[in-house]
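Comments concern the structure below.
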Ligand SMILES: [Mn+2]
């Protein structure tokens with residue numbers, strides 16, 4: 032985020048930013064002499080502000096902003112309600128993640144009463160994909176393989192598919208979640224061919240496997256349920272290496288149970 036040119040603010044608010052590094056170098060420079068208010072819900076927040084308001088119980092920072100506005104007796108306009116609703120919707124994965132608490136749903140209902148339109152917002156957020164994205168998704172899902180009696184699913188995105196769909200690699204982002212929607216699945220892996228000798232992987236785990244630990248073996252990282260890595264190998268080699276490690280990890284996780 033760039034500050035407006037020619038400004039030298041004395042007070043800077045940070046929202047949803049676990050650390051100062053995430054906000055870019057120009058902000059950091061301003062922050063070196065401004066007063067910083069750090070409002071966030073990441074438990075790992077580095078508390079870089081002069082004032083730190085951290086609430087790991089909040090599903091979205093938008094909820095913390097609502098509390099702040101209430102505290103200051105500041106009315107929430109329909110535009111503000113719309114933006115705050117987007118924060119709640121997206122941070123709960125469309126009210127599907129484990130952080131979809133009663134409080135999140137109550138706050139969403141309140142924002143809807145204040146003028147946020149849930150149907151319209153969902154359309155704007157989730158139903159605006161270009162058709163090239165769906166074409167790419169179709170080509171990639173056609174390569175899907177299911178192994179270990181349905182516990183492991185994987186698929187590939189190649190540069191050839193990008194050309195065929197008229198898409199760019201960034202459009203492959205949602206494919207891993209489609210793979211991860213299979214009933215009974217424990218581990219989903221998507222292989223992305225970035226170049227002849229660079230393959231990226233996205234991993235999702237719903238079972239006992241730590242996705243971050245699996246990706247760490249290949250120099251990557253992330254969270255227990257969602258992680259990734261960049262592997263300096265051609266696609267086919269990366270597939271072989273990662274699948275071997277993934278099957279071992281699934282085996283080790285199930286023997287622990
Ligand atoms: Mn957030």
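Numbering (the working numbering), first residue to last: 32 to 288. Note that the Cβ used here is the ideal one computed from N, Cα and C, for glycine as well.
In whole angstroms, give me the CA-to-CA distance for residue 78 and residue 51.
Stepping through the chain shown from its first residue, residue 78 is reached at position 47. Stepping through the chain shown from its first residue, residue 51 is reached at position 20. So the alpha carbons of these two residues sit roughly 9 Å apart.
Quick one: is residue 94 buried, meaning 16 or more other Cβ sit within 10 Å of its Cβ, or exposed?
By one-based count along the chain shown, residue 94 stands at place 63. Per the 10 Å Cβ criterion, buried.
Residue 103: buried (16+ other C-beta within 10 angstroms of its C-beta) or exposed?
Within the chain shown, the letter at position 72 stands for residue 103. Residue 103 is exposed by the Cβ-count criterion.
What whole-angstrom Cβ distance do residue 189 and residue 266 have, given they're in contact under 8 Å?
The residue labelled residue 189 in the question sits at position 158 within the chain shown. The residue labelled residue 266 in the question sits at position 235 within the chain shown. Correct: roughly 7 Å between the Cβ atoms.
Which two residues bound the contiguous alpha helix (DSSP H) that contains residue 278?
The count along the chain shown starts at 1 and reaches residue 278 at position 247. From DSSP, the alpha helix (DSSP H) with residue 278 extends over 266-287.
Give me the Cα-Cα distance between residue 174 and residue 156, rounded to the nearest whole angstrom.
By one-based count along the chain shown, residue 174 stands at place 143. By one-based count along the chain shown, residue 156 stands at place 125. Taking the straight line joining both Cα atoms gives about 28 Å.
For ligand 1, I want to know if residue 86 counts as a neighbour, meaning its beta carbon is within less than 7 Å of at least one of the ligand's heavy atoms.
Mapped onto the chain shown, residue 86 falls at position 55. No.
Can residue 231 and residue 197 be called in contact, C-beta distance under 8 Å?
Sequence index remark: in the chain shown, residue 231 carries index 200 (1-based). Sequence index remark: in the chain shown, residue 197 carries index 166 (1-based). No.
Take residue 261 and list the residues in its own chain whose beta-carbon comes closer than 6 Å to its own, dropping the five residues that flank it on each side.
Here residue 261 refers to the residue found at position 230 when the chain shown is read from its first residue. Closer than 6 Å at the Cβ level, and outside the excluded window around residue 261, lie 231.
Quick check on the DSSP output: what are the complete beta strand (DSSP E) runs of length 3 or more inside the region 95-180, in order along the chain?
176-178
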